[in-house]
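Asks:
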Amino acid sequence: MLWDDFINSYWRDWRTGDRSKDRDKLEEPDWLADWLKQRSLPAALPPEPAELEQLQQLRGLLWAEVQKLVQGHAPDKTVLEQLNVYMSQGPVIRQIVWNGEGKAELSLLPQRSDWGQVMAEITSSFAAAVLEKETSRFRICENPDCLWVYYDDTRNRSKRYCDDKLCGNLMKVRRFRARKKAGGKGSTTGE
Ligand SMILES: [Zn+2]
Numbered sequence: 067m068l069w070d071d072f073i074n075s076y077w078r079d080w081r082t083g084d085r086s087k088d089r090d091k092l093e094e095p096d097w098l099a100d101w102l103k104q105r106s107l108p109a110a111l112p113p114e115p116a117e118l119e120q121l122q123q124l125r126g127l128l129w130a131e132v133q134k135l136v137q138g139h140a141p142d143k144t145v146l147e148q149l150n151v152y153m154s155q156g157p158v159i160r161q162i163v164w165n166g167e168g169k170a171e172l173s174l175l176p177q178r179s180d181w182g183q184v185m186a187e188i189t190s191s192f193a194a195a196v197l198e199k200e201t202s203r204f205r206i207c208e209n210p211d212c213l214w215v216y217y218d219d220t221r222n223r224s225k226r227y228c229d230d231k232l233c234g235n236l237m238k239v240r241r242f243r244a245r246k247k248a249g250g251k252g253s254t255t256g257e
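Here the working numbering runs 66 ahead of the position in the sequence shown, where the first position is 1.
1. Please classify D90: does DSSP put it in a helix, a strand, or coil?
2. Taking only heavy atoms of ligand 1 into account, decide whether any of them is closer than 8 Å to the Cβ of Y152.
3. Nearest to L127 by CA position, among E93, W214, D142, G138, is which residue?
4. Starting from the Cα of Q148, find the closest Cα among E94, S86, L124, Q161 and give me that residue.
5. Smallest Cα separation from L92: which of Q120, K199, S190?
6. In angstroms with no decimal places, state the Cα-to-Cα distance between Q161 and E171.
7. On the DSSP letters alone, give me the boundaries of the alpha helix (DSSP H) that P115 sits inside.
8. Tell me whether I188 is buried or exposed, calling it buried when 16 or more other Cβ atoms sit within 10 Å of its Cβ.
9. Measure the C-alpha to C-alpha separation of R81 and K246 and round it to an integer number of angstroms.
10. Looking at ligand 1, does it come within less than 8 Å of W164, judged from the CB to the closest heavy atom?
11. Tell me the DSSP secondary structure of E208 in three-state form.
12. Whose beta carbon lies closer than 7 Å to any heavy atom of ligand 1, going through the chain in order?
13. Count the other CB atoms, across all protein chains shown, that sit within 10 Å of the CB of N150; report buried if there are 16 or more and exposed otherwise.
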């Protein structure tokens, strides 16, 4: 989804937790170019400093709201009103379009090709998730060095990590080592 993709543009080194390796991909023109293309979002690259700042502010706003949702809070009305401000920068026209398989579907066509429109699209994707999906399924990866944001669409709502093979395994190993260390003191193996 567009909204979690966007929040995750702030990347942390999930293996080491070395914060000096944090990457803000919004500041990486190549990443931005790929992302816009992948998402069919039109905007001039690179963003102006003021636009970049606005993007980072929007990301901060969404990230803070996700943290609250994850803690079980209801969506914050003031935040929702702020989303309206971002969405007002991106007008759309309703139109029937034909998809790759020739099937007609209703679509909202963005009317501008700038960062205001991009932010409106991101915001609208977040607003749709908050209002139409289950906020109790919003997640932040439980690896404290990762903090990747995602939507848990598993049937039993049990997805604790962004990726079980990566963060899931890493945390399993950490728990195992911690147990071994704690248990090792009184053990006879002398470890
Ligand atoms: Zn993770």
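Ideal Cβ positions, reconstructed from N, Cα and C, are used throughout, including at glycine. Please read all numbers here as calculations on a predicted model, not as lab measurements.
Replies: This is what the structure holds:
1. The residue given as residue 90 occupies position 24 in the sequence shown. Note: D90 maps to strand in three-state DSSP.
2. Your numbering for residue 152 matches position 86 in the sequence shown. No, since every heavy atom of ligand 1 falls outside the 8 Å radius drawn around the Cβ of Y152.
3. Working through the sequence shown from its first residue, we reach residue 127 at position 61. When each option's Cα is compared against that of L127, the closest is D142.
4. As a first step, residue 148 must be located in the sequence shown, where it is residue number 82. Q148 has its Cα closest to that of L124, out of E94, S86, L124, Q161.
5. What you label residue 92 is simply residue 26 of the sequence shown in a count that begins at 1. Considering only alpha carbons, the answer is Q120.
6. Looking up residue 161 in the sequence shown gives position 95. Looking up residue 171 in the sequence shown gives position 105. So the two alpha carbons sit approximately 8 Å from each other.
7. Position 49 of the sequence shown, counting from 1, holds the residue named residue 115. Per DSSP, P115 belongs to the alpha helix (DSSP H) from 115-136.
8. Here residue 188 refers to the residue found at position 122 of the sequence shown. Buried.
9. Numbered from 1 along the sequence shown, position 15 holds the residue referred to as residue 81. Numbered from 1 along the sequence shown, position 180 holds the residue referred to as residue 246. When rounded, the distance between both Cα atoms is 20 Å.
10. Taking the first residue of the sequence shown as position 1, residue 164 is located at position 98. For ligand 1, not one heavy atom lies less than 8 Å from the Cβ of W164.
11. The count along the sequence shown starts at 1 and reaches residue 208 at position 142. Note: E208 maps to coil in three-state DSSP.
12. W80, C207, N209, C212, W214, Y227, C228, D229, L232, C233
13. Looking up residue 150 in the sequence shown gives position 84. Exposed is the call here.
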